[in-house]
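full-length UniProt numbering puts the first residue of the sequence shown at 1, with every later residue one more than the last. Cβ atoms here follow ideal geometry from the backbone N, Cα and C, with glycine treated the same way. See below for the structure under consideration.
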Amino acid sequence: AQVTDKVVRAAENCVVIGRYGVGVDNIAVDTATELGIAVTYVPDYCVDEVSDHVMGLLLDWNRRISLFDNSVKGAGWGSVPLTMRIMRLRGKKLGVVGLGRIGRAVCAKALAFGFDVLTYDPYISAEQASEAGARSVDMETLLRESDFVTLHSPLTPDTENLIGEAELALMKDDSFLINCARGPLIDEEALYAALQSGSIGGAGLDVLVDAHPSPDYRLLKLDNVLVTPHVAFFSQEAVLELEERAAGEVASVLQGQMPDNLVNTAVLTHPNPRHGLSA
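This is the structure in structure tokens:
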């Protein structure tokens with residue numbers, strides 16, 4: 001749901017907005033801050049699940065697991081000739097765009113497979129990247145050198161269409177692009193063209209620009225795309241944790257206690273706040 005400027009202003013008695021999830025791009029945070037409303041979220045409840053899903057898409061694509069499964073069930077044993085590209089992963093390069101909690105978890109799992117991990121994150125130092133087991137590079141180098149690229153940036157005006165025609169043109173023709181973050185990070189028209197032309201090898205997508213795409217959406221019809229319906233966050237454990245922590249954050253604010261994850265810290269110095277938090 002979109003908690004827009006209009007919605008926030010209409011909620012005249014609202015003290016706190018609790019995000020049931022990670023990203024806050026669907027909340028008018030600036031408006032909430034202006035009105036003295038606290039905004040909370042749960043930024044780390046599904047780190048394991050999403051990073052597992054990234055590796056799952058990568059492994060499924062590289063080992064052609066879905067392809068072989070479908071071929072055996074549909075046409076029998078040994079029905080697909082071994083002419084496709086399957087890489088030995090050890091020594092290959094994985095580019096991680098955005099080295100936050102999930103990006104770091106992906107690094108750790110990729111290192112266990114023997115990947116050389118590159119990362120681009122303008123807010124992370126080379127030292128911090130090295131501590132995570134990655135090598136900090138610029139975006140162009142990451143795209144040119146990586147065999148697999150996975151996106152873990154937040155969605156902001158600066159990161160919308162982060163991967164477009166120019167960026168896709170830099171990637172290897174057998175590379176694989178993974179997005180388990182936010183759909184609008186990728187220009188889907190440019191992605192479709194790159195996949196059709198063979199400019200890149202394939203894509204693994206858990207999110208799209210349209211949260212509920214038509215079954216006939218042409219990107220979903222491509223054989224070199226693996227798609228899951230925004231489920232990377234999910235496990236029973238993750239949902240239970242999210243429910244408990246999201247409610248706990250709101251309860252803390254209502255009780256005048258500092259929440260663990262306050263999005264808009266500037267609200268603490270509001271001259272006439274609706275919350276009872278101390279700066």
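Can you name the residues that DSSP bridges to residue i?
i, result
"Lys-93", "Asp-116"
"Gly-18", "Thr-40"
"Gly-204", "Ile-178 and Leu-226"
"Phe-233", "Phe-233 is not bridged to any residue."
"Val-3", "Ile-27"
"Ile-186", "Ile-163"
"Thr-150", "Val-96 and Ile-178"
Between residue i and residue j, what straight-line distance do the alpha-carbon atoms span, to the nearest angstrom?
i, j, result
"Met-171", "Val-231", "27 Å"
"Arg-218", "Thr-265", "42 Å"
"residue 285", "Ala-1", "Here the chain covers residues 1 to 279 and nothing more, so residue 285 does not appear."
"Ser-175", "Val-207", "19 Å"
"Val-250", "Thr-40", "7 Å"
"Gly-204", "Ile-65", "13 Å"
"Thr-148", "Pro-154", "Note that residue 148 corresponds to Phe in the displayed sequence, not to Thr. So the alpha carbons of these two residues sit roughly 19 Å apart."
"Thr-228", "Val-80", "24 Å"
"residue 282", "Val-50", "Since the first residue shown for the chain is 1 and the last is 279, residue 282 is missing from the structure and cannot be characterised."
"Leu-254", "Asn-13", "12 Å"
"Gly-18", "Gly-36", "14 Å"
"Pro-271", "Ser-252", "21 Å"
"Leu-111", "Gln-128", "16 Å"
"Leu-99", "Pro-157", "19 Å"
State the CB to CB distance for the pair residue i and residue j, rounded to an integer number of angstroms; the pair is presumed to be in contact (CB under 8 Å).
i, j, result
"Val-42", "Leu-242", "6 Å"
"Met-139", "Tyr-123", "Not confirmed; about 13 Å, so no contact."
Worksheet item: Three or more C-beta pairs closer than 8 Å, one from the segment 5 to 16 and one from the segment 26 to 36: is that the case here?
Response: Touching, yes, given that three or more Cβ pairs across the two stretches are closer than 8 Å.
Worksheet entry | Length at least 4, wholly inside the segment 48 to 107: the alpha helix (DSSP H) runs in chain order | When DSSP assignments are scanned along the segment 48 to 107, the uninterrupted stretches of alpha helix (DSSP H) that are 4 or more residues long and fall wholly within it turn out to be 65 to 75.
Discussion item. Closer than 8 Å is the cut-off here; do at least three beta carbon pairs connect the segment 76 to 90 with the segment 260 to 277?
Written reply: No, they do not touch.
Practice prompt. Report yes or no: do the segment 184 to 195 and the segment 157 to 170 share at least 3 C-beta pairs separated by less than 8 Å?
Written response: Contact between the segment 184 to 195 and the segment 157 to 170 is present, with at least three C-beta pairs closer than 8 Å.
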